[in-house]
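Trainee: The opening residue of the sequence shown carries number 1 in this note's numbering; numbering runs sequentially from there.
Backbone N, C-alpha and C define an ideal beta-carbon position, used for all residues, glycine too.
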Amino acid sequence: MKFGTKAIHAGITPDPTTGAIMTPIYQTSTYVQVSPGDHKGYEYSRTHNPTRTALQNNLAALENGLYGLCFASGMGATDTLLKLLKPGDEVISTNDLYGGTYRIFTKVYEGFGIKFHFVAMDEVKNLESVISDKTKMIWIETPTNPLLNIIDIKAICKLAKSKNILTVVDNTFATPYIQTPLDLGADIVAHSVTKYLSGHSDVVMGAIIVNDKKLHDQLAFLQNACGNVPGPQDCFLVLRGIKTLHLRMKAHIENAARVAEYLLTHPKIDKVYYPGIPTHKNHAIAKEQMKGFGGMVSFTMKGDDLKDSIRVLEKFKLFSLAESLGGVESLCGHPASMTHASIPKAEREKAGLKDSLVRLSVGVEDIEDIIADLEQALEN
Ligand code: P1T
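(1) Can we count Asn145 as close to ligand 1, meaning its CB is less than 7 angstroms from some heavy atom?
(2) Would you say the beta carbon of Glu90 comes nearer than 7 angstroms to a heavy atom of ligand 1?
(3) Please tell me whether Phe319 and Asp355 are closer than 8 angstroms, where the distance is taken between their beta carbons.
(4) Below 8 angstroms between beta carbons: does that hold for Tyr196 and His246?
(5) Regarding Leu325 and ligand 1, is the C-beta to nearest heavy atom distance less than 7 angstroms?
(6) Below 8 angstroms on the Cβ atoms is my guess for His191 versus Gly74; work out the distance and round it to an integer in Å.
(7) Looking at chain B, is there any beta carbon in it that lies within less than 8 angstroms of the beta carbon of Tyr98?
(8) Kindly indicate the opening and closing residues of the alpha helix (DSSP H) around His117.
(9) Can Met75 be considered in contact with ligand 1, in the sense that its beta carbon sits closer than 7 angstroms to one or more heavy atoms?
(10) Does the beta-carbon of Ala346 have 16 or more other beta-carbons within 10 angstroms, so that it is buried, or is it exposed?
(11) Compute the Euclidean distance between the alpha carbons of Lys158 and Thr167, then round it to the nearest angstrom.
(12) Are the region 321–335 and the region 359–377 touching, with three or more C-beta to C-beta distances below 8 angstroms?
(13) Measure the Cβ-Cβ separation of Thr17 and Ser45 and say whether it is below 8 angstroms.
(14) What residue from Ala220, Pro24 and Ile140 has the CA that sits closest to Leu97's CA?
(15) Please tell me whether Asn228 and Ala341 are closer than 8 angstroms, where the distance is taken between their beta carbons.
And the structure:
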């Protein structure tokens, strides 16, 4: 099955009792048993719920994986993955990544005796100085949030495999429409489903997809034991959203390319961060591992004055100033004070994230209106 067909059909069968084509919202906490242990595969909704099962199977199919698991948020998925580790273990992560991921690493799991190393992962050789026998996990986020660096998934997973290290790829920015990390050798794909997968800014959810049965069983144990699960109504909304994932991603990709092109020629813009630009330092690997360059574009302005960036963010009319991304509507954000405020300024700057950076989640509105909004916001 091709991607669009899978988005609409994978994991979804008409409801066995009524034939309903849409997976019902099984709004139930428990399931009646005929005799102790004699049931239809469902005992309690923390463990399994049919609406969640449909979504988990759909996500697994989209990522070319065998098993999917959904969580109450993207951070819930991250938290579950970190529970695979033990005190003394070490993790290597990219140094440009979602601020909340940095926060859970440094403010929660460092306290449990796990050590995190942050390196610029778009250069594979940067891992050499920190990799050791203690390294148990490599955390890749590509494209990175918010600088849109591209990390060579295949090269890093090959290195990790040779040393028996688990690889996680946070595939939130790309989505499986653009790249399928399991096919490139990753052990685990993680998502903030909140973003493109859901696509309509109305759900907070996370997901993990794997191929290995033992790893799945460990993660499913944690999902049930720790109880970090989404409700059936949210699963229904995401199932509905995913049916148009391929159509939305095509439009996001096209619009973001036009936005990047516009910004590149604008006299007030200093730097455009977008992997589709031929001079982007990771453009070659982006072209190789991605089908399209995504819907995110970041930029800084000439003069590098924070006040100019704030003024532009305030002047946008179509782009709404809000955290999050990946919905049909265009959003703009100020990473330094919003999504990445939990990373200390010195660390942000080391990774190349300036206080003046503006991040755009380019929506699927008509491109003429998107460009007109950029034009008016950048005026004077
Ligand atoms: O917000 P939540 O569903 O818990 O997902 C966390 C998360 C994980 N990974 C990446 C790459 C993310 O971007 C996020 C959340 N990011 C934002 C809210 C944001 O505006 O960048």
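Mentor: Concretely, from the data shown:
(1) For this step, residue 145 is matched to residue 145 along the sequence shown. Yes; taking the cut-off as 7 angstroms, the Cβ of Asn145 has a heavy atom of ligand 1 nearer than that.
(2) Counted from its first residue, the sequence shown places residue 90 at position 90. No.
(3) Position 319 of the sequence shown, counted from the start, is the residue given in the question as residue 319. Position 355 of the sequence shown, counted from the start, is the residue given in the question as residue 355. In this structure, Asp355 does not lie closer than 8 angstroms to Phe319 by Cβ.
(4) What you label residue 196 is simply residue 196 of the sequence shown in a count that begins at 1. What you label residue 246 is simply residue 246 of the sequence shown in a count that begins at 1. No.
(5) On the sequence shown, residue 325 is found 325 positions in, with the first residue counted as 1. Because some heavy atom of ligand 1 lies under 7 angstroms away, the Cβ of Leu325 counts as near it: yes.
(6) Residue numbering aside, residue 191 sits at position 191 when the sequence shown is read from its first letter. Residue numbering aside, residue 74 sits at position 74 when the sequence shown is read from its first letter. Contact flag correct, Cβ pair sits at about 7 angstroms.
(7) The structure shown has no chain B; it contains just one protein chain.
(8) Walking along the sequence shown from the start, residue 117 turns up at place 117. No alpha helix (DSSP H) contains His117, which is instead part of the beta strand (DSSP E) from Lys115 to Val119.
(9) Numbered from 1 along the sequence shown, position 75 holds the residue referred to as residue 75. Indeed, a heavy atom of ligand 1 lies less than 7 angstroms from the Cβ.
(10) Counted from its first residue, the sequence shown places residue 346 at position 346. With fewer than 16 other Cβ atoms within 10 Å, it is exposed.
(11) The sequence position of residue 158 within the sequence shown is 158, counting from 1. The sequence position of residue 167 within the sequence shown is 167, counting from 1. The straight-line gap from Cα to Cα measures roughly 10 angstroms.
(12) yes
(13) Locating residue 17 in the sequence shown gives position 17, where the first residue counts as 1. Locating residue 45 in the sequence shown gives position 45, where the first residue counts as 1. No, the pair does not count as a contact, with Cβ atoms beyond the cut-off.
(14) For this step, residue 97 is matched to residue 97 along the sequence shown. For Leu97, the nearest C-alpha among the options comes from Ile140.
(15) Sequence index remark: in the sequence shown, residue 228 carries index 228 (1-based). Sequence index remark: in the sequence shown, residue 341 carries index 341 (1-based). Not closer than 8 angstroms, so no.
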